[in-house]
Structures are given as structure tokens and as C-alpha cells.
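Trainee: Here the sequence shown is numbered in my numbering, starting from 311 and rising by one per residue.
Virtual Cβ for every residue (Gly too), placed ideally from N, Cα, C.
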Amino acid sequence: MKFDLLIRGARVYPCADGTLASIVDGAIGIASGRIVYLGATSELSAYECSREIDGRGMFALPGLCDPHTHLVYGGNRVDEFARKMAGESYQSIAAGGGGIMSTVRATRTASDDELFAAAKSRALAMRRHGVTTVEVKSGYGLTTEDELRILRVARRLDTESVVRTRTTLLGAHAVPDEHRNNRAGYLREIIDVMIPRAAAESLADSVDVYIDEGAFTLDEARSVLVAAQRAGLQARAHVGQFRDLGGALLLAELGALSADHLEQVDDAGLQALAEAKVVAVLLPGAWRTLRQTPPDAARLRAHGLTMAVGTDCNPGTSPCTDITLCASLAVRDARLTLDEAILGITQNAAKAAGAADAGSLRIGALADIALYDGDDARALGYVLGDVSAKHVVLGGAVVL
Ligand code: NIG
Ligand code: FE
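(1) Are the CB atoms of R532 and S568 within a distance shorter than 7 Å?
(2) May I have the straight-line CA-CA distance separating D423 from R466, to the nearest angstrom?
(3) Leaving out the 5 sequence neighbours to the left and right, which residues in its chain are closer than 6 Å to L704 when beta-carbon positions are compared?
(4) CA-CA distance, R415 and P604?
(5) Beta carbon of P625, beta carbon of Y383: below 7 Å?
(6) Is D622 near ligand 2 - that is, is its Cβ less than 6 Å away from at least one heavy atom of it?
(7) Given 8 Å as the limit, is there contact between the region 391-405 and the region 347-360, that is, 3 or more CB pairs closer than that?
(8) Using DSSP's beta-bridge definition, name the partner residues of S568.
(9) Does the separation of the CB atoms of V446 and T477 fall below 7 Å?
(10) Consider the C-beta atom of G626 and the heavy atoms of ligand 1; say whether any pair is separated by less than 6 Å.
(11) So, does the region 664-679 touch the region 345-357, judging by three or more C-beta pairs under 8 Å?
(12) For Q602, which of R611, L592, R609 and A608 has the nearest alpha-carbon?
(13) When you compare the CB positions of A640 and D622, do they come within less than 7 Å of one another, or not?
(14) In the region 379-408, which residue ranges form an unbroken alpha helix (DSSP H) of at least 4 residues, counting only runs that do not cross its ends?
(15) DSSP state of S360, grouped into three classes?
(16) Can you list, in chain order, the residues of its chain with a C-beta nearer than 7 Å to that of L615? Leave out the 5 residues immediately preceding and following it.
(17) Determine, using beta carbons only, whether V485 and I521 come nearer to each other than 7 Å.
(18) Take every Cβ of the region 693-710, pair it with every Cβ of the region 447-463, and state whether three or more of those distances are shorter than 8 Å.
(19) Is the separation between the beta-carbon of L479 and that of A508 shorter than 7 Å?
(20) Can you give the beta carbon distance from G654 to A618, rounded, assuming they're within the 8 Å contact cut?
(21) Taking C-alpha atoms, which residue in V534, T469 and E523 lies nearest to A494?
(22) So is the beta-carbon of T413 under 6 Å away from any non-hydrogen atom of ligand 1?
(23) Below 6 Å, is the gap between the Cβ of Q401 and the nearest heavy atom of ligand 1?
(24) Using a threshold of 7 Å, state whether the C-beta atoms of A660 and G373 are closer than that.
(25) Within this structure, are the beta carbons of A566 and V588 separated by less than 7 Å?
(26) Would you grab the beta carbon distance between I460 and L425 for me? Rounded to a whole angstrom, and I think it's under 8 Å.
(27) How would you label N491, buried or exposed, when you count the other beta carbons within 10 angstroms and need 16 or more for buried?
(28) Am I right that G691 and S638 are in contact with their C-beta atoms under 8 Å? What's the rounded C-beta distance?
(29) With L348 as the anchor, note down where its alpha helix (DSSP H) starts and where it stops.
(30) Measure the C-alpha to C-alpha separation of A404 and A525 and round it to an integer number of angstroms.
(31) Could you name each continuous alpha helix (DSSP H) segment of 4 residues or more that falls completely within the region 407-469, going from the start of the chain to the end?
(32) Looking at A482 and I505, is the spacing between their C-beta atoms short of 7 Å?
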């Protein structure tokens, strides 16, 4: 066999079958950016290769996937955070012109290059933890041009090989100030202009709606997500972060990719999501920042839901780029098992992100691999954050 890169001697976790099964002395052979050998080092027959990584003393996972981020934004919300920690509510800060709208103002005034530089530095921080695929939402532009601009920045992270991105149009994140008395007009802009353009210009893979009290109603969400699917984009939504408006039932009915947050979703909603195979995305950074009661993994598990974990990286509720910290908090707060937490940032996260080629090590899959010191992948759900990868391979290229 001929490899461009061979990793040998590592404990390899393929994360391809819903378990944390591993190959103890494993090897991964890579050619043309894809995995062409996966198995025991001892079973490798004669080969040629241009570069080798000695993986002894390390374990290998598929490059991690962060299935829910708002990576592209301007400014920060430190002042609001101080107020929130002193007891003010998220909703009252938003009602006073803060919250999402304060980040919208900072994002609109930032140049494309400024937005790219900030997003790139966050993506590189994620990559140091072993992340190679990131779902990125817009949602801080809230005009057609600004939403599309954010999606272009997210795509550029991919074309410049920082990380792979899956992009999501989140025009329905908030009704912007200039449409305050014209919700219907703003929804028409999302449905008639943003979605068709995002689809025609191949800028988005999916469409998200923030379904909650103070955000968008179930009927509004339905009209946006149906339009998305008609345009060939997939559906997903923020549901039950503060109040259960029935969003889970809608996502199940539409066969969405993911249902995210789920702090407040009832059993009927969870059951419907499980039956429709919609992935539940848990966001510990947000429930921590908002000091909420987390969802209970036992309940989700009892319904048979597939669970993933994301950072929700955003300036308001989760200023966090560390997926390993989030996995670790999901174990402690929501009581995921360590195995569920690791699958939740690999195989199941890729499912939620709609990144079919990522999240698992398989022959023919993308050669996106994270290598860490040690011999037990469960360390990522054990150590309280900042687990750094020793090497990161992206499409066969060693980028760390
Ligand atoms: O996922 N809930 C809506 N969106 C974000 C928060 C956005 C913000 O406050 O800027 C979230 O938590
Ligand atoms: Fe979010």
C-alpha cells in the first residue's frame, strides 16, 4: 500500500458504530486526504509512505465536531455578563436593547476581514482541542446582506482550511430593531429573500430558527423551515431554552437534523424527536451561563434520543471555544456517560451538523483525525476542559 501519511501504534477509536470500541495498537493510513487503512499496526503489510507519526502513547479520535456555534460576530458582552451575574435576567437585558441586538450592532459595523480574523482565532482555539468540523450559524446580521456576509465568512474558514464548516442561516434569531413594528415584513424578507439567496449562492446547508418566548413563535418557525426545505436546505432549531412552545414536535414532523438546547421540552416532544431521528444537541455553556437546570440525559436516553454536545460559542450565553470542557460539563450536569459524551462530540455531533463524511474513522472517510497523549479517550469527558490535541490532521494534512 502507498500512504501520504501513516499513524501507527496509537489506540484508535473509530466512533463509527455508536460505541467507544477501540483498536489498541492501531494504525491509520491516509492517501489523497482520505482514510485507506484502518486496523491493527501488526496487520499492516508492506507499504510505502511519505510521512509517519509515531502514535505510541497516544490515542486517536476522529477530528471532533462542534455541532452548534455562532462563531462569526463582532464585539463582546462583558458588561452584560456582569449585570447578568448580578441577577438581571437575559430577557430584561434584551428588552433594554442589549442581548442579541447589541451583538448585531457590533457585527454590522465590523468589516468582513475583521469578522474573519475574529472567527478564525476562535476556530483555531477549537482546533487546538482537536475540532476539525464546526457548524456555524449566522444570526448577528439580521439584514439579507449582513446574514449572507456572515455565511461567507464561515465558508471562508473552510476554503482556507482552518476547519471544515457546515453553515446555517439563522435570520430568525431576533426581529431587528428596524422591523420592530413589522414582524411580518421581516419574516417575508427571510422567506422570500434570505433563504432563496443563501440557497442559490450555496452559502447555507441548513436553516435555524430561535423558537422561544421573546423570539419566534411556532407558526413563524414553521413558515421559515418549510421555506428552507423547499429551497433544498435542512431544518434545525433552538427549542425549549426558556419555554417549550412545541418546537420539538415541529422539528420531528419536518424531519429536521437537530433540536438544540432542550432544557424545557416535554416528553411528547422528546419522544417525537427520537422517532424522527432528530439529534438532540446539548449546550452546557448556555445552561451554565444562564444558571439553568440542565436537561437530564436519563430522560433523553429513555426516549431513545441520539445526543450530541456543542459549545454554542456566542458572546451572550456561551463565550466558549472549548468542546472538551462542554463534554465534561455534559457529564457532570446532564449526566451523560463518558462514552455518550465522546460520541456526542464525534459521531453524533457530525450527524447533527449534517457532516456525513466526518465524525467517524472509516475506510473512505475524510482523514480528519485528532491525536492526544494518553490511552483513554474518556479523558475528554473527565478532565475539566482545555484538553489539547497533540496532533490534528485535516484532510490528510498535519495542521498541528
Ligand atoms: O444559543 N438562544 C439564542 N441564541 C443564543 C444566544 C444568543 C445571544 O444571546 O447572543 C444561544 O444561546
Ligand atoms: Fe445557539
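Mentor: According to the data block:
(1) no
(2) 11 Å
(3) T442 and D678
(4) 30 Å
(5) yes
(6) Yes, the Cβ of D622 comes within 6 Å of a heavy atom of ligand 2.
(7) no
(8) R546 and V589
(9) yes
(10) Because some heavy atom of ligand 1 lies under 6 Å away, the Cβ of G626 counts as near it: yes.
(11) yes
(12) The shortest C-alpha separation from Q602 is found at L592.
(13) Going by beta carbons, A640 and D622 fall outside the 7 Å limit.
(14) Runs of the alpha helix (DSSP H) inside the region 379-408: 388-395 and 400-405.
(15) coil
(16) L580, L583, A584 and A590
(17) no
(18) no
(19) yes
(20) 5 Å
(21) V534
(22) Yes; taking the cut-off as 6 Å, the Cβ of T413 has a heavy atom of ligand 1 nearer than that.
(23) no
(24) no
(25) yes
(26) Rounded to whole angstroms, the Cβ separation of I460 and L425 is 7 Å, and the two are in contact under 8 Å.
(27) With fewer than 16 other CB atoms across the displayed protein chains lying within 10 angstroms of its CB, N491 is exposed.
(28) 5 Å
(29) Here L348 belongs to no alpha helix (DSSP H); instead the beta strand (DSSP E) covers R344 to A350.
(30) 11 Å
(31) 410-419, 422-438 and 454-469
(32) no
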